[in-house]
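These notes concern the structure reproduced below.
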Amino acid sequence: MNMAIDEALLEYATVPAIRFYRWHSPALSFGYFGKFRDVVDYVSTRDLVRRWTGGGMVFHGEDLTYSIVIPANDTVFGASSASIYEKVHRALVDALSKIGKCAVVARGIDPGGIVAATRTAVTVSGYNCFANPVRADVMIGGRKIAGAAQSRTRRGLLQQGSIQGVDLGNGLAERFAEVLSANCSEREVAVKILNRARELAHCKYGTDAWLRKR
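Residues in the sequence shown are numbered consecutively from 353, following this note's numbering.
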(Lines of atoms letter the chains of each structure in order from A and count residues from 1; the text may use other names and numbers.)
(Lines give C-alpha, C1' and ligand atoms only; values in the text may rest on other atoms or scores of the structure.)
Protein backbone atom coordinates (compact mmCIF):
# COMPACT_ATOMS: atom_id res chain seq x y z
CA MET A 1 0.00 0.00 0.00
CA ASN A 2 2.90 2.37 0.70
CA MET A 3 4.22 1.87 -2.83
CA ALA A 4 0.71 2.22 -4.26
CA ILE A 5 0.02 5.52 -2.49
CA ASP A 6 3.28 6.96 -3.84
CA GLU A 7 2.36 6.04 -7.41
CA ALA A 8 -1.19 7.35 -7.01
CA LEU A 9 0.15 10.64 -5.61
CA LEU A 10 2.18 11.11 -8.79
CA GLU A 11 -0.82 10.30 -10.99
CA TYR A 12 -2.88 13.06 -9.36
CA ALA A 13 -0.11 15.56 -8.58
CA THR A 14 -0.68 19.19 -9.54
CA VAL A 15 1.95 20.68 -7.21
CA PRO A 16 5.09 19.18 -5.63
CA ALA A 17 4.45 17.22 -2.44
CA ILE A 18 6.33 15.18 0.15
CA ARG A 19 4.83 12.29 2.12
CA PHE A 20 6.37 10.68 5.21
CA TYR A 21 5.52 7.19 6.36
CA ARG A 22 6.61 4.34 8.62
CA TRP A 23 6.25 0.54 8.47
CA HIS A 24 3.98 -1.67 10.61
CA SER A 25 6.46 -4.56 10.55
CA PRO A 26 9.98 -5.32 9.29
CA ALA A 27 10.01 -4.93 5.52
CA LEU A 28 12.36 -4.90 2.55
CA SER A 29 11.84 -2.95 -0.65
CA PHE A 30 13.95 -3.54 -3.73
CA GLY A 31 14.31 -1.68 -7.00
CA TYR A 32 12.27 -2.12 -10.17
CA PHE A 33 15.12 -3.87 -11.98
CA GLY A 34 16.12 -5.99 -8.97
CA LYS A 35 16.10 -9.80 -9.08
CA PHE A 36 13.66 -11.62 -6.81
CA ARG A 37 16.26 -14.32 -6.23
CA ASP A 38 18.41 -11.74 -4.43
CA VAL A 39 15.73 -11.11 -1.79
CA VAL A 40 14.03 -14.50 -1.56
CA ASP A 41 15.97 -15.41 1.61
CA TYR A 42 14.07 -12.67 3.46
CA VAL A 43 10.58 -13.99 2.64
CA SER A 44 10.15 -15.61 6.05
CA THR A 45 11.37 -12.63 8.09
CA ARG A 46 10.19 -9.50 6.26
CA ASP A 47 7.39 -8.18 4.10
CA LEU A 48 8.80 -7.82 0.58
CA VAL A 49 7.81 -5.32 -2.08
CA ARG A 50 9.24 -4.32 -5.44
CA ARG A 51 9.46 -0.54 -5.85
CA TRP A 52 8.47 1.37 -8.95
CA THR A 53 11.71 3.33 -8.52
CA GLY A 54 15.13 1.79 -8.94
CA GLY A 55 18.18 1.04 -6.81
CA GLY A 56 18.85 -1.93 -4.60
CA MET A 57 17.59 -3.40 -1.34
CA VAL A 58 16.43 -1.14 1.50
CA PHE A 59 15.58 -2.59 4.92
CA HIS A 60 12.61 -0.87 6.54
CA GLY A 61 11.23 -0.93 10.05
CA GLU A 62 13.04 1.63 12.15
CA ASP A 63 13.55 4.13 9.33
CA LEU A 64 11.59 7.19 8.25
CA THR A 65 10.57 6.75 4.63
CA TYR A 66 9.49 9.60 2.39
CA SER A 67 8.29 10.16 -1.15
CA ILE A 68 8.50 13.35 -3.16
CA VAL A 69 6.37 13.91 -6.25
CA ILE A 70 7.07 16.66 -8.77
CA PRO A 71 4.46 17.02 -11.54
CA ALA A 72 5.65 17.59 -15.10
CA ASN A 73 4.04 21.05 -15.15
CA ASP A 74 6.37 22.29 -12.39
CA THR A 75 9.58 24.07 -13.39
CA VAL A 76 11.65 21.84 -11.08
CA PHE A 77 10.77 18.85 -13.26
CA GLY A 78 13.03 20.30 -15.96
CA ALA A 79 16.11 19.85 -13.78
CA SER A 80 18.19 16.70 -14.14
CA SER A 81 17.44 13.71 -11.94
CA ALA A 82 20.90 13.98 -10.35
CA SER A 83 20.37 17.67 -9.58
CA ILE A 84 17.02 17.01 -7.89
CA TYR A 85 18.53 14.11 -5.94
CA GLU A 86 21.31 16.32 -4.60
CA LYS A 87 19.06 19.30 -3.82
CA VAL A 88 16.69 17.10 -1.81
CA HIS A 89 19.59 15.66 0.17
CA ARG A 90 21.07 19.10 0.80
CA ALA A 91 17.71 20.09 2.28
CA LEU A 92 17.84 17.00 4.49
CA VAL A 93 21.35 17.91 5.66
CA ASP A 94 20.07 21.38 6.61
CA ALA A 95 17.15 19.82 8.50
CA LEU A 96 19.49 17.48 10.35
CA SER A 97 21.76 20.36 11.30
CA LYS A 98 18.78 22.08 12.93
CA ILE A 99 18.44 19.16 15.34
CA GLY A 100 22.16 19.02 16.09
CA LYS A 101 23.30 16.36 13.60
CA CYS A 102 26.49 16.95 11.63
CA ALA A 103 25.58 15.48 8.25
CA VAL A 104 27.18 16.00 4.84
CA VAL A 105 26.29 15.28 1.23
CA ALA A 106 28.66 12.62 -0.09
CA ARG A 107 31.15 13.60 -2.77
CA GLY A 108 33.23 11.48 -5.09
CA ILE A 109 31.78 8.10 -4.07
CA ASP A 110 30.90 5.76 -6.91
CA PRO A 111 30.80 8.24 -9.82
CA GLY A 112 27.70 7.54 -11.85
CA GLY A 113 26.04 5.90 -8.88
CA ILE A 114 23.17 8.35 -8.96
CA VAL A 115 22.32 7.08 -12.41
CA ALA A 116 22.12 3.57 -10.98
CA ALA A 117 19.85 4.81 -8.23
CA THR A 118 17.61 6.95 -10.41
CA ARG A 119 17.42 5.04 -13.67
CA THR A 120 17.71 1.88 -11.76
CA ALA A 121 19.90 -0.75 -13.03
CA VAL A 122 21.13 -2.98 -10.26
CA THR A 123 24.29 -4.58 -11.55
CA VAL A 124 25.55 -6.19 -8.34
CA SER A 125 23.76 -9.23 -6.92
CA GLY A 126 22.13 -8.42 -3.60
CA TYR A 127 22.99 -4.71 -3.84
CA ASN A 128 22.26 -3.16 -0.43
CA CYS A 129 21.61 0.57 -0.84
CA PHE A 130 22.84 1.49 2.65
CA ALA A 131 26.02 -0.55 2.35
CA ASN A 132 26.88 1.18 -0.94
CA PRO A 133 26.76 5.00 -0.72
CA VAL A 134 26.78 6.97 -3.96
CA ARG A 135 27.49 10.62 -4.68
CA ALA A 136 24.96 12.96 -3.06
CA ASP A 137 23.80 10.45 -0.45
CA VAL A 138 23.68 11.79 3.12
CA MET A 139 26.46 10.73 5.48
CA ILE A 140 27.17 11.12 9.20
CA GLY A 141 30.61 10.14 10.46
CA GLY A 142 31.40 8.30 7.22
CA ARG A 143 28.22 6.23 7.45
CA LYS A 144 25.31 6.51 5.01
CA ILE A 145 22.08 7.51 6.75
CA ALA A 146 19.91 8.52 3.78
CA GLY A 147 19.57 7.48 0.17
CA ALA A 148 16.88 7.53 -2.47
CA ALA A 149 15.78 6.31 -5.89
CA GLN A 150 13.69 7.90 -8.62
CA SER A 151 11.26 7.18 -11.42
CA ARG A 152 10.58 9.77 -14.12
CA THR A 153 7.55 9.61 -16.42
CA ARG A 154 5.61 12.04 -18.60
CA ARG A 155 3.42 12.74 -15.57
CA GLY A 156 6.33 13.81 -13.39
CA LEU A 157 9.04 12.54 -11.07
CA LEU A 158 8.80 10.32 -8.01
CA GLN A 159 11.66 10.14 -5.51
CA GLN A 160 11.46 7.58 -2.71
CA GLY A 161 13.96 7.86 0.11
CA SER A 162 14.81 6.34 3.47
CA ILE A 163 16.42 7.94 6.53
CA GLN A 164 17.82 5.47 9.05
CA GLY A 165 20.40 4.92 11.74
CA VAL A 166 19.79 8.37 13.24
CA ASP A 167 17.44 9.80 15.90
CA LEU A 168 14.22 10.58 14.04
CA GLY A 169 12.76 12.74 16.80
CA ASN A 170 12.80 16.50 17.28
CA GLY A 171 10.43 17.12 14.38
CA LEU A 172 12.84 15.97 11.67
CA ALA A 173 10.09 15.34 9.11
CA GLU A 174 8.56 18.77 9.60
CA ARG A 175 11.94 20.50 9.45
CA PHE A 176 12.85 18.60 6.26
CA ALA A 177 9.60 19.69 4.58
CA GLU A 178 10.08 23.30 5.68
CA VAL A 179 13.60 23.45 4.25
CA LEU A 180 12.36 22.03 0.95
CA SER A 181 9.64 24.67 0.64
CA ALA A 182 8.84 27.81 2.59
CA ASN A 183 5.24 27.48 1.39
CA CYS A 184 4.77 23.92 2.65
CA SER A 185 1.42 23.13 4.24
CA GLU A 186 0.12 19.87 5.69
CA ARG A 187 -2.84 18.04 4.17
CA GLU A 188 -4.40 14.60 4.21
CA VAL A 189 -4.21 12.26 1.24
CA ALA A 190 -7.41 12.71 -0.78
CA VAL A 191 -9.98 9.92 -0.87
CA LYS A 192 -9.67 9.54 -4.66
CA ILE A 193 -5.92 9.00 -4.28
CA LEU A 194 -6.44 6.40 -1.56
CA ASN A 195 -9.01 4.61 -3.71
CA ARG A 196 -6.59 4.56 -6.64
CA ALA A 197 -3.85 3.32 -4.29
CA ARG A 198 -6.03 0.44 -3.09
CA GLU A 199 -6.55 -0.52 -6.73
CA LEU A 200 -2.81 -0.41 -7.43
CA ALA A 201 -2.02 -2.36 -4.27
CA HIS A 202 -4.49 -5.09 -5.23
CA CYS A 203 -3.69 -5.32 -8.94
CA LYS A 204 0.03 -4.52 -8.91
CA TYR A 205 2.14 -4.16 -5.78
CA GLY A 206 0.46 -6.94 -3.84
CA THR A 207 0.71 -9.52 -6.62
CA ASP A 208 3.21 -12.31 -7.10
CA ALA A 209 3.54 -11.27 -10.73
CA TRP A 210 4.91 -7.87 -9.71
CA LEU A 211 7.07 -9.18 -6.87
CA ARG A 212 8.67 -11.86 -9.05
CA LYS A 213 8.76 -9.72 -12.18
CA ARG A 214 12.46 -10.51 -12.64
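Yeah, the Cβ is synthetic: ideal placement off N, Cα and C, and Gly gets one too.
Val-401 is positioned such that its CB atom lies closer than 8 angstroms to that of Met-355. Distance from Ile-492 to Cys-536 at the Cβ level is roughly 24 angstroms; contact not present, criterion being Cβ atoms closer than 8 angstroms. Rounded to whole angstroms, the separation of the alpha carbons of His-554 and Gly-517 is 32 angstroms. Taking C-beta separations shorter than 6 angstroms and ignoring five residues to either side along the sequence, the partners of Phe-388 in its chain run Arg-564, following chain order. If you look at His-441, you'll find it in the alpha helix (DSSP H) that goes 433 to 449. Cβ neighbours of Ile-357 within its own chain (closer than 6 angstroms, five residues either side excluded): Ala-549.
Contact between the region 506 to 513 and the region 424 to 435 is present, with at least three C-beta pairs closer than 8 angstroms. Residue burial is scored here from C-beta neighbours: Arg-403 has at least 16 other C-beta atoms within 10 angstroms and is therefore classed as buried.
Sixteen is the threshold: when 16 or more other Cβ atoms of the shown chains lie within 10 Å of the Cβ of Pro-485, as they do, the residue is buried. Here the C-alpha atom of Asp-426 lies approximately 20 angstroms from the C-alpha atom of Thr-405.
Note on geometry: alpha-carbon atoms of Glu-359 and Ser-419 lie some 10 angstroms from one another. Rounded to the nearest angstrom, the gap between the Cα atoms of Asp-399 and Thr-417 is 15 angstroms.
The continuous beta strand (DSSP E) containing Lys-496 extends over residues 495 to 504. Residue pairing by DSSP places Met-409 opposite Asn-480 in a beta bridge. When the beta-carbon positions are compared, Phe-385 and Arg-566 come within less than 8 angstroms of each other. Annotated three-state conformation of Arg-564 is coil, per DSSP.
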